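A.B. asks: A single structure is presented below for examination.
Numbering (the numbering used here), first residue to last: 72 to 552.
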C-alpha cells in the first residue's frame, strides 16, 4: 500500500477531518486493548472446568496476557521512537489477530496461555503508542478530549467483549445440537464456547490493521527523524499554515535541547514527572478496576447470581462505564484533569468501602451489590480511567516520550498483573469483603498522592508542559542551593 505520508497535501486551513480520522483509527487500538482484556471474563469458569485448574492456575490464566503486555510496553516506546508510532501499531494489530486465532484453537492449556501472551504483547504496544500517537496529533485546546477518546475506546472494547460473550453463550445454549452435534465448529461454537468468545476478536483486529494504512505518521516523530517537510505539511492539515509554522518551531526548539535518553528523567523536574506517571500507573491498577473486568462474573456469582445473570449484569456495568467515560470526555478540557482525578477518586474510595460492607452482610440482596458496583464503575470512569492516558501522553518531552511512556506503562501492567494473578487466591484466603476494603485503602492513598503530585495540563501545548517541568527542576536546584 502507498504510504500516506507521501500523499500529504498542503492546506490553507486546518482539517478537523484528518485529526478525527487519526484519532478514531488509533483508538481502535484501545478497542482491541479493552476487548482482549475483558473477553477472558466470560471464559474463566469454563476453562477452569475443562482443564481442571486450581486457584493459582486460574490466576495465571486470568493474568497471563499481562506478562505479554509488560514485555510489549517495555519495548514499545523504543520501537516507536526508532521505527515510528504507526509502523509499530501495525505490528500490534497483527499480534491481536494471531492471538485471537490461537486462543480459539488450542489443544492444551499451555497453548492457550501462549496465545494469550501474544495478545498481551499487542496490548502492551497499543497501550503505549496509541495514546502517545493521538497526543502528538492533537491541538492543545482539545487534546485532553481526543486522548480521552482512547480511554473511551477501551471502554467500548470492554463492552463489546461483554456483549459478545453473552451473545455467544446464548447461541450455544439455544443450539445445543448445532453444527450436527460434532466437529470443530461444534466444539468452538457450542460445546467449548469459550473458544468462540476468544475468536471473535479477529474481526476488530483485521479492521485495525487495514485502517492503520490510511493515516499518516506522527509529525513530531517525523521532525525528530529530520523529515521536516512532510511533518510541516501534516501540521498544516491539522492547524492551518500560520499555526503549523509556529508549532514546527516549538517542536524543533524542544528537540534541540540536550538530552534524548531516559537518563533525562533523573534530572530535577523530570524526576517529578516520572514519579507522577508511575503513581498514576500503579494506583490506577490498585483501584481494583481490572479485577471487575477480568473476574466480574465470578464476583457477581459470589454475590448470588447465576452465570447467565452475571454476564447480563456485567453488560450493565459496562454500559455505565461507557456513559460516564463519555461524560468525562465531554468535561476533561473544560473542568481540567485534576478535579476529575481527585474528586472522582474520593468517590471510588467510598464506593469500595460500601461494597466491602455489603459483602460482609449475610443474605444481602444481590441487587444492592450490583448497584454499588455500578456506582464504583461510574466513579472510576469519570476520574482516573478517563484521565490516566491523557496525562501519561502529556507529561514527557517529545524526544523521550516513547521511552518514558514505556517505563510508566510497564509499571501499569506490572501492577495489573500482580492484582489479577493474586486476586483468586487472595479472596479465597481473606474473603471478598476484605479484598474491597484493601482496594479502598489504596484509593485513599492515591487521592493524597494525586493532590500533591499531579499538575493541571489543561490547554497547554506539549512543549509548554515540558517547560513547566524544567521550571520545577530549576526551583528544586535553587532550593538545594
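Glycine included, C-beta positions come from ideal geometry on N, C-alpha and C.
This structure is a prediction, so every number in the text was calculated from the model and none was measured.
#1: Could you give the first and the last residue of the continuous alpha helix (DSSP H) run that contains residue 418?
#2: Mapping the DSSP letters down to three states, classify residue 101 as helix, strand or coil.
#3: Within the same chain, show all residues whose beta-carbon is closer than 7 Å to that of residue 152, passing over the 5 residues directly before and after it, in chain order.
#4: Where does the unbroken alpha helix (DSSP H) through residue 126 begin, and where does it stop?
#5: Note down the Cα distance separating residue 447 from residue 467, rounded to an integer number of angstroms.
#6: Evaluate residue 429 with the Cβ neighbour count: other Cβ atoms within 10 Å of its Cβ, from every protein chain shown; 16 or more gives buried, anything less gives exposed.
#7: What's the gap between the Cα of residue 108 and the Cα of residue 136?
#8: Could you check where the alpha helix (DSSP H) with residue 596 kicks off and where it finishes?
#9: Exposed or buried, what is residue 500 when buried is set at 16 or more other beta-carbons lying within 10 Å of its beta-carbon?
#10: Among 306, 184 and 487, which has the Cα closest to the Cα of residue 266?
#11: Going by DSSP, what residue range makes up the alpha helix (DSSP H) through residue 270?
#12: Where residue 534 and residue 470 are concerned, what is the direct C-alpha to C-alpha distance, given to the nearest angstrom?
#13: Looking at C-beta atoms only, is the number of pairs between the stretch 514–526 and the stretch 410–421 that lie closer than 8 Å three or more?
#14: If you measure from the beta carbon of residue 483 to each beta carbon in chain C, is any gap under 8 Å?
#15: Quick check: the Cα distance between residue 376 and residue 237, rounded to an integer number of angstroms?
#16: Would you check if there are 3 or more beta carbon pairs closer than 8 Å linking the stretch 126–136 to the stretch 488–503?
#17: Do you know offhand how far residue 225's Cα is from residue 435's?
#18: Buried or exposed: where does residue 255 fall if 16 or more other Cβ atoms within 10 Å of its Cβ makes it buried?
#19: Quick one: Cα of residue 517 to Cα of residue 420, how far?
#20: In the DSSP assignment, the alpha helix (DSSP H) including residue 194 goes from what residue to what residue?
#21: For residue 466, which of helix, strand or coil comes out of DSSP?
#22: Using a threshold of 8 Å, state whether the C-beta atoms of residue 273 and residue 106 are closer than that.
#23: Using a threshold of 8 Å, state whether the C-beta atoms of residue 148 and residue 199 are closer than that.
#24: Which residue comes first and which comes last in the alpha helix (DSSP H) that contains residue 477?
#25: Do residue 356 and residue 624 count as a contact pair if the criterion is CB distance below 8 Å?
#26: Would you call residue 317 buried or exposed, if buried means 16 or more other Cβ atoms sit within 10 Å of its Cβ?
#27: So the alpha helix (DSSP H) residue 211 belongs to, where does it begin and stop?
#28: Determine the extent of the alpha helix (DSSP H) in which residue 373 is found, giving its start and end residues.
#29: Can you tell me which of the three DSSP states residue 523 falls into?
#30: Relative to the C-alpha of residue 461, which candidate in 102, 211, 387 and 440 has its C-alpha closest?
#31: Please classify residue 306 as buried or exposed, where buried requires at least 16 other C-beta atoms within 10 Å of its C-beta.
#32: Would you mind working out which of 219, 293 and 205 sits nearest residue 326, comparing C-alpha positions?
#33: Can the beta-carbon of residue 143 be found closer than 8 Å to that of residue 193?
#34: I'd like to know whether the C-beta atoms of residue 230 and residue 407 end up nearer to each other than 8 Å.
#35: Rounded to whole angstroms, what's the CA-CA distance from residue 140 to residue 156? Just pull it up for me.
#36: Residue 295 lies in the alpha helix (DSSP H); which residues open and close that run?
C.D. replies: So, to answer that:
#1: Against the chain shown, residue 418 aligns to sequence position 347. 408–431 is the extent of the alpha helix (DSSP H) around residue 418.
#2: As a position in the chain shown, residue 101 is number 30, starting the count at 1. It is helical.
#3: On the chain shown, residue 152 is found 81 positions in, with the first residue counted as 1. Contacts found: 473 and 474.
#4: Within the chain shown, the letter at position 55 stands for residue 126. Here the alpha helix (DSSP H) through residue 126 covers 126–154.
#5: Taking the chain shown and counting its residues from 1, one reaches residue 447 at position 376. Taking the chain shown and counting its residues from 1, one reaches residue 467 at position 396. Rounded to whole angstroms, residue 447 to residue 467 spans 30 Å at the Cα level.
#6: Position 358 of the chain shown, counted from the first residue, corresponds to residue 429. The residue is buried, with at least 16 neighbouring Cβ atoms inside 10 Å.
#7: Mapped onto the chain shown, residue 108 falls at position 37. Mapped onto the chain shown, residue 136 falls at position 65. Each residue's Cα considered, the two are about 8 Å apart.
#8: It is not possible to answer for residue 596, since the shown part of the chain is limited to 72 through 552.
#9: Walking along the chain shown from the start, residue 500 turns up at place 429. Answer is exposed; the Cβ neighbour count stays below 16.
#10: By one-based count along the chain shown, residue 266 stands at place 195. Answer by Cα proximity: 184.
#11: To locate residue 270, count along the chain shown from 1; it is residue 199. Run containing residue 270: 265–270, per the alpha helix (DSSP H) assignment.
#12: Along the chain shown, one-based indexing puts residue 534 at 463. Along the chain shown, one-based indexing puts residue 470 at 399. Each residue's Cα considered, the two are about 11 Å apart.
#13: yes
#14: Chain labels in this structure do not include chain C; a single protein chain is all it has.
#15: Residue mapping note: residue 376 aligns to position 305 of the chain shown, counting from 1. Residue mapping note: residue 237 aligns to position 166 of the chain shown, counting from 1. Each residue's Cα considered, the two are about 15 Å apart.
#16: yes
#17: Mapped onto the chain shown, residue 225 falls at position 154. Mapped onto the chain shown, residue 435 falls at position 364. For residue 225 and residue 435, the distance between alpha carbons rounds to 32 Å.
#18: Start at 1 with the first residue of the chain shown, and residue 255 comes out as number 184. Counting Cβ neighbours within 10 Å, residue 255 comes out exposed, since fewer than 16 surround it.
#19: Indexing the chain shown from 1 puts residue 517 at position 446. Indexing the chain shown from 1 puts residue 420 at position 349. Taking the straight line joining both Cα atoms gives about 10 Å.
#20: Position 123 of the chain shown holds residue 194. From DSSP, the alpha helix (DSSP H) with residue 194 extends over 180–208.
#21: Translated into positions along the chain shown, residue 466 becomes position 395. Correct three-state label for residue 466: coil.
#22: Translated into positions along the chain shown, residue 273 becomes position 202. Translated into positions along the chain shown, residue 106 becomes position 35. Not closer than 8 Å, so no.
#23: Taking the chain shown and counting its residues from 1, one reaches residue 148 at position 77. Taking the chain shown and counting its residues from 1, one reaches residue 199 at position 128. Taking 8 Å as the Cβ cut-off, residue 148 and residue 199 qualify as a contacting pair.
#24: On the chain shown, position 406 is the one that residue 477 refers to. Segment 472–501, the alpha helix (DSSP H) holding residue 477.
#25: With the chain represented from 72 up to 552, any question about residue 624 goes unanswered, as that position is not in the structure.
#26: Against the chain shown, residue 317 aligns to sequence position 246. Exposed.
#27: The residue you call residue 211 lines up with position 140 of the chain shown. Per DSSP, residue 211 belongs to no alpha helix (DSSP H) and is neither H nor E.
#28: Counted from its first residue, the chain shown places residue 373 at position 302. Here the alpha helix (DSSP H) through residue 373 covers 360–373.
#29: Translated into the one-based positions of the chain shown, residue 523 becomes position 452. It is helical.
#30: As a working note, residue 461 is residue 390 in the chain shown. Of 102, 211, 387 and 440, the residue nearest in Cα terms is 211.
#31: Start at 1 with the first residue of the chain shown, and residue 306 comes out as number 235. It is buried - the Cβ of residue 306 has at least 16 other Cβ atoms within 10 Å.
#32: Stepping through the chain shown from its first residue, residue 326 is reached at position 255. Measuring from the Cα of residue 326, the nearest candidate turns out to be 293.
#33: In the chain shown, counting from the first residue as 1, residue 143 sits at position 72. In the chain shown, counting from the first residue as 1, residue 193 sits at position 122. It is a contact, given that the beta carbons lie within the stated cut-off.
#34: As a first step, residue 230 must be located in the chain shown, where it is residue number 159. As a first step, residue 407 must be located in the chain shown, where it is residue number 336. No, the Cβ-Cβ distance between residue 230 and residue 407 is not below 8 Å.
#35: Residue numbering aside, residue 140 sits at position 69 when the chain shown is read from its first letter. Residue numbering aside, residue 156 sits at position 85 when the chain shown is read from its first letter. Taking the straight line joining both Cα atoms gives about 17 Å.
#36: Numbered from its first residue, the chain shown carries residue 295 at position 224. Note, residue 295: alpha helix (DSSP H), 290–295.
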